[in-house]
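Engineer: Those protein sequences? They're chains A and B, same order as listed. If you're matching positions, the first sequence starts at 32 in our numbering and goes up one per residue. If you're matching positions, the second sequence starts at 305 in our numbering and goes up one per residue. Heads up, the beta-carbon is just placed ideally off N, CA and C, and yes, glycines get one too.
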Amino acid sequence: AQSVTQLGSHVSVSEGALVLLRCNYSSSVPPYLFWYVQYPNQGLQLLLKYTSAATLVKGINGFEAEFKKSETSFHLTKPSAHMSDAAEYFCAVTRPTGGGNKLTFGTGTQLKVEL
Amino acid sequence: EPEVTQTPSHQVTQMGQEVILRCVPISNHLYFYWYRQILGQKVEFLVSFYNNEISEKSEIFDDQFSVERPDGSNFTLKIRSTKLEDSAMYFCASRTGDAEQYFGPGTRLTVT
Chain A
32 AQSVTQLGSH
42 VSVSEGALVL
52 LRCNYSSSVP
62 PYLFWYVQYP
72 NQGLQLLLKY
82 TSAATLVKGI
92 NGFEAEFKKS
102 ETSFHLTKPS
112 AHMSDAAEYF
122 CAVTRPTGGG
132 NKLTFGTGTQ
142 LKVEL
Chain B
305 EPEVTQTPSH
315 QVTQMGQEVI
325 LRCVPISNHL
335 YFYWYRQILG
345 QKVEFLVSFY
355 NNEISEKSEI
365 FDDQFSVERP
375 DGSNFTLKIR
385 STKLEDSAMY
395 FCASRTGDAE
405 QYFGPGTRLT
415 VT
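(1) Can you name the residues of chain B whose CB is closer than 8 Å to the CB of lysine 80(A)?
(2) Who are the Cβ neighbours of serine 43(A) in its own chain at under 7 Å, not counting the five residues just before and after it?
(3) Could you name the residues of chain A that lysine 432(B) contacts, counting a contact when the two beta carbons are closer than 8 Å?
(4) For the beta strand (DSSP E) containing lysine 143(A), list its first residue and its last residue.
(5) Let me know the secondary structure DSSP gives asparagine 92(A) once reduced to three states.
(6) Residue range of the beta strand (DSSP E) that threonine 125(A) falls in?
(7) Below 8 Å between beta carbons: does that hold for glutamate 358(B) and tyrosine 406(B)?
(8) When we look at the beta-carbon of methionine 114(A) and count the other beta-carbons within 10 Å, is it buried (16 or more) or exposed?
(9) Quick check: the stretch 94–106 of chain A against the stretch 49–58 of chain A, are there 3 or more CB pairs under 8 Å?
(10) Return no unless some Cβ of chain B is closer than 8 Å to the Cβ of tyrosine 63(A).
(11) Could you tell me which chain B residues have their CB closer than 7 Å to the CB of threonine 9(A), listed as they occur along the chain?
(12) Identify every residue that forms a DSSP beta bridge with leucine 343(B).
(13) Closest Cβ-Cβ distance between serine 352(B) and chain A: below 8 Å?
(14) Beta-carbon separation of threonine 386(B) and glutamine 321(B) under 8 Å?
(15) Can you give me the C-alpha to C-alpha distance between valine 35(A) and leucine 325(B), rounded to a whole angstrom?
(16) Would you kindly check if the distance between the Cβ of phenylalanine 353(B) and the Cβ of valine 371(B) is under 8 Å?
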């Protein structure tokens, strides 16, 4: 079974400050990992993905994440927060092969950006 | 850019009624999914569908739920007899052979 833990259901940063959203995963096989963003009353938009190539993954809107196998982590970062980054962020894991490759999501982190 | 579409955006129904949620996946995608998100909670997997059959389903996806790909473009989720606890946002997703799933905007189902 796979699972994802997102520490911190709410994170608040100042505009221009570093954004760090934490994600730890559990998987019996090498995982594929994703970060999705959800703006209010909208669907899920893919920010970035790790599919066993480079461990440092760059995504849209200046976000990046680093896959660390030894720490079973895939934390999301952005050097400088912008007001438009305020949203809910979900980390998700899947198996590379087999079955329907369902995504298992974490509980989400609500990011607030303050002036 | 191709996208997944879902209709309706909001559906209100009475307890015990049947509802059908519709999705049009991206045209060259082969794998299809339904997820749901109860208000304030995480996104949960319901079912995956490939080659005209269910490939995996969760415990949530009981006999009240069914999926169908009635033609070459639509992918539907039917709930036979809705319950209050079925109130949620339902997301359709699709993918090619790659891992990345593309999500639709969701259908908000309200059961009264």
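Structural biologist: Quick answer:
(1) Within the first sequence, the letter at position 49 stands for residue 80(A). The answer, in chain order, is Ala403 and Glu404.
(2) As a working note, residue 43(A) is residue 12 in the first sequence. Same-chain partners within the cutoff: Lys143 and Glu145.
(3) Residue 432(B) lies beyond the range of chain B shown here (305 to 416); nothing can be said about it.
(4) By 1-based counting over the first sequence, the position of residue 143(A) is 112. Taken as a continuous stretch (DSSP letters only), the beta strand (DSSP E) holding lysine 143(A) covers 140–145.
(5) Taking the first sequence and counting its residues from 1, the one referred to as residue 92(A) is at position 61. Looking at asparagine 92(A) - three-state DSSP - the assignment turns out to be helix.
(6) The residue you call residue 125(A) lines up with position 94 of the first sequence. Note, threonine 125(A): beta strand (DSSP E), 118–125.
(7) Along the second sequence, read from residue 1 onward, the residue named residue 358(B) stands at position 54. Along the second sequence, read from residue 1 onward, the residue named residue 406(B) stands at position 102. This sequence places isoleucine at residue 358(B); glutamate is not what is there. Cβ atoms of isoleucine 358(B) and tyrosine 406(B): not closer than 8 Å.
(8) Within the first sequence, numbered from 1, the residue matching residue 114(A) stands at position 83. With fewer than 16 Cβ atoms within 10 Å of its Cβ, methionine 114(A) is classed as exposed.
(9) yes
(10) In the first sequence, residue 63(A) corresponds to position 32, counting from 1. True, the Cβ-Cβ gap to chain B drops below 8 Å.
(11) There is simply no residue 9(A) to check, as chain A begins at 32 and stops at 146 in what is shown.
(12) Here residue 343(B) refers to the residue found at position 39 when the second sequence is read from its first residue. DSSP lists no beta-bridge partner residue for leucine 343(B).
(13) If you number the second sequence from 1, residue 352(B) lands on position 48. With 8 Å as the cut-off, serine 352(B) counts as an interface residue toward chain A.
(14) Reading the second sequence from its first residue, position 82 is the one you call residue 386(B). Reading the second sequence from its first residue, position 17 is the one you call residue 321(B). Closer than 8 Å, so yes.
(15) One-based indexing of the first sequence puts residue 35(A) at position 4. One-based indexing of the second sequence puts residue 325(B) at position 21. In a straight line, the C-alpha of valine 35(A) is about 28 Å away from that of leucine 325(B).
(16) Within the second sequence, numbered from 1, the residue matching residue 371(B) stands at position 67. Within the second sequence, numbered from 1, the residue matching residue 353(B) stands at position 49. Contact: yes.
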